[in-house]
Amino acid sequence: MRSILRVLYIRRDLTDLTERSGRPKSVGRGEPFVRVRSLALPFGVLALAAFVYGLYGFDGPLYRDYGIYLYGGQRFAEGVPPYAGIFDHKGPLPQALAGLGILLFAPVGLGDVYAARLAFFLAGCLSAVAVYLLGEGVFRSRATGLFAALTFLGFYGYARPVASGPEPKTPMILFEALSLLFMSTRRWFWAGMCGSLAFLAWQPMGALPIVALILALAQPGRERVGAALRVLSGAAAPLVAVFAYYLHKDALGELLDGLVLFNLLHVSRRAFPILNPSGPLEEMIAGYGIMLVPCAIGLAAIARLYFVGPPRCRHAPLLLSLPVFAAFSALDFQVPEDLYPFLPYAAAGFGGALAAALGRLGSGRLAAAAFLAGLLLLLAISNTPLMNERGSPGPSLGEQRESVERIEERLGEEARIVSINAPQVLALLGEENP
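To convert, count from 1 in the sequence shown and add 306; that's the working numbering.
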């Protein structure tokens with residue numbers, strides 16, 4: 307492993323060496339225009355993401371799992387830390403993000419549900435921008451970044467709950483993509499911090515700061531120690547903040563139990579789904595449909611980097627972290643959301659494959675690029691309610707609201723309601739489970 311890392315960091319191409327030295331200090335007259343143009347695509351991707359994800363609407367059903375994070379967010383907004391208000395075995399970040407959305411947006415009249423969903427909607431839109439930046443940064447191509455972002459917008463399994471969650475893994479993708487991006491550009495502190503934030507959303511993402519530390523230690527000469535310290539300090543910052551918050555709330559036991567111990571001792575996982583691939587395949591088809599094709603091509607394009615040369619150090623974060631998530635999925639894959647960790651890799655890989663194919667064309671390259679971009683955008687829109695009547699299973703949010711209103715009318719506003727395994731009821735009523 308050490309020899310592989312040494313090869314990745316010694317056999318650098320001219321682009322990598324130029325990147326390390328930074329931009330030249332001399333600034334030409336066209337520099338402001340270049341900066342504006344470089345920001346145009348990320349902001350364009352942000353606008354497209356808001357448009358596509360907005361088409362799914364904010365009125366999807368409040369499923370049980372979403373109810374957990376909405377209810378936990380309500381408790382967080384009232385000063386009760388995640389795990390203490392309602393138990394969940396994922397990281398505390400999703401409940402905290404829902405609570406932050408309630409604190410910021412509920413006072414302007416959105417209500418708790420829409421306030422929490424707006425916070426996750428913003429995280430989802432920024433995830434598309436992060437995927438664009440990842441594709442552009444790893445493959446040194448704006449076309450790759452754009453194709454990657456458009457491909458990512460078409461992943462129905464991720465797109466549908468962006469505005470109708472809160473889906474806990476929505477912000478995980480944002481910090482995963484950013485951590486990989488910062489690793490590839492050697493911004494070690496931010497790579498460690500974003501990896502740590504991804505871990506606080508879903509614990510297996512703890513592999514990201516470890517990969518960042520390995521890559522930092524593979525740096526040549528005196529850079530090694532400084533890079534490693536920056537990774538460690540970046541990764542420690544969110545963890546120290548969370549520890550201090552729980553210490554202040556006298557809830558360190560709940561943090562340790564929910565974040566670590568319960569997952570190690572009590573979580574029952576589906577044993578070795580790789581031995582019965584039909585189950586995971588059915589889940590992926592149900593969640594992603596035709597977009598499984600570019601997903602598979604993109605992952606194959608990333609896997610190809612293991613075998614073609616010369617190796618690029620900017621590819622190393624993807625090549626070292628992807629097998630970790632593959633191994634975890636081989637042990638535990640149950641629902642379409644379990645494909646989430648692979649989506650940034652698949653989108654970047656597919657974007658790179660399309661950009662490489664366009665590079666072989668002649669004069670028709672621009673027209674072909676415009677056609678492919680339009681096709682990918684059409685695929686992204688095709689799964690939205692605007693063009694597809696396929697609805698989400700379960701009652702609508704409006705029907706759920708009517709149900710809890712009938713409960714309140716029957717029992718009275720002063721009644722105390724106990725809810726077991728149905729947090730949606732209390733979340734919609736805005737009541738605390740006694």
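For glycine and all other residues, C-beta sits at the position ideal for the given N, C-alpha and C. Remember, it's a predicted structure, so these values are computed and weren't measured experimentally.
Check your understanding: Would a C-beta distance cut-off of 8 Å place Gly451 and Tyr438 closer than the cut-off?
Key -> yes
Check your understanding: Do you know how far the Cα of Ala663 is from the Cα of Leu487?
Key -> 23 Å
Check your understanding: Val566: which of Gly417, Phe505, Val386, Ile723 sits nearest, CA to CA?
Key -> Phe505
Point to revise | Rounded straight-line distance, which links the Cα of Tyr651 to that of Asp365 | key: 30 Å
**Study point:** Short Cβ contact (8 Å threshold) for Gly498 with Pro515
**Key:** yes
Check your understanding: Nearest to Gly460 by alpha carbon, out of Gln706, Glu711, Ala679, Ser702?
Key -> Ala679
Practice item. Evaluate contact between the stretch 515 to 530 and the stretch 409 to 427, counting only Cβ atoms and requiring at least three cross-stretch pairs below 8 Å. Key: no
**Study point:** CA-to-CA distance, Cys431 to Pro740, given in whole angstroms
**Key:** 36 Å
**Study point:** Spatial distance of Gly363 from Ala469 (CA atoms)
**Key:** 6 Å
Point to revise | Residues of its chain near Pro600, where Cβ-Cβ distance is below 6 Å and the 5 sequence neighbours each way are ignored | key: Thr457, Phe656
Check your understanding: Should Phe677 go down as buried or exposed, given a rule of 16 or more other Cβ atoms within 10 Å for buried?
Key -> exposed
Practice item. Tell me, please, whether the stretch 528 to 546 touches the stretch 665 to 677 by the rule of three or more beta-carbon pairs shorter than 8 Å. Key: no
Review point. Mapping DSSP to helix, strand and coil, what is Glu711?
Key: helix
Review point. CB-CB under 7 Å to Ala449, same chain, minus the five flanking residues each way: which ones, in chain order?
Key: Ala661, Leu664, Ala675
Practice item. Would you kindly work out how many angstroms separate the C-alpha atoms of Pro467 and Ala429, rounded to a whole number? Key: 12 Å
Practice item. Enumerate in chain order the residues of its own chain whose CB-to-CB distance from Arg335 is below 7 Å, with the five nearest sequence positions on each side excluded. Key: A caution first: Arg335 carries a pLDDT of 49, below 50, which makes its placement in the model unreliable, though a value can still be read off. The answer is none, since no qualifying residue turns up.
Exercise for review: Identify every run of the alpha helix (DSSP H) within the stretch 538 to 606, keeping only runs that are complete inside it and at least 4 residues long; order them along the chain.
Suggested key: 558 to 562, 568 to 571, 584 to 594
Review point. Under 8 Å, do Ala288 and Leu523 count as touching if we go by C-beta distance?
Key: Absent from the model: residue 288. The displayed extent of the chain is 307 to 740, so no value can be given.
Review point. Under the rule that 16 or more other beta-carbon atoms within 10 Å means buried, what is Glu711, buried or exposed?
Key: exposed
Exercise for review: Note down, in chain order, each residue of its chain lying with its Cβ closer than 6 Å to the Cβ of Thr690, except the 5 sequence neighbours on either side.
Suggested key: Leu361, Tyr362
Practice item. Assuming Leu587 contacts Ile608 (C-beta within less than 8 Å), just tell me the rounded distance between them. Key: About 20 Å separates the two Cβ atoms, so there is no contact after all.
**Study point:** Element boundaries [alpha helix (DSSP H), containing Ser688]
**Key:** 671 to 688
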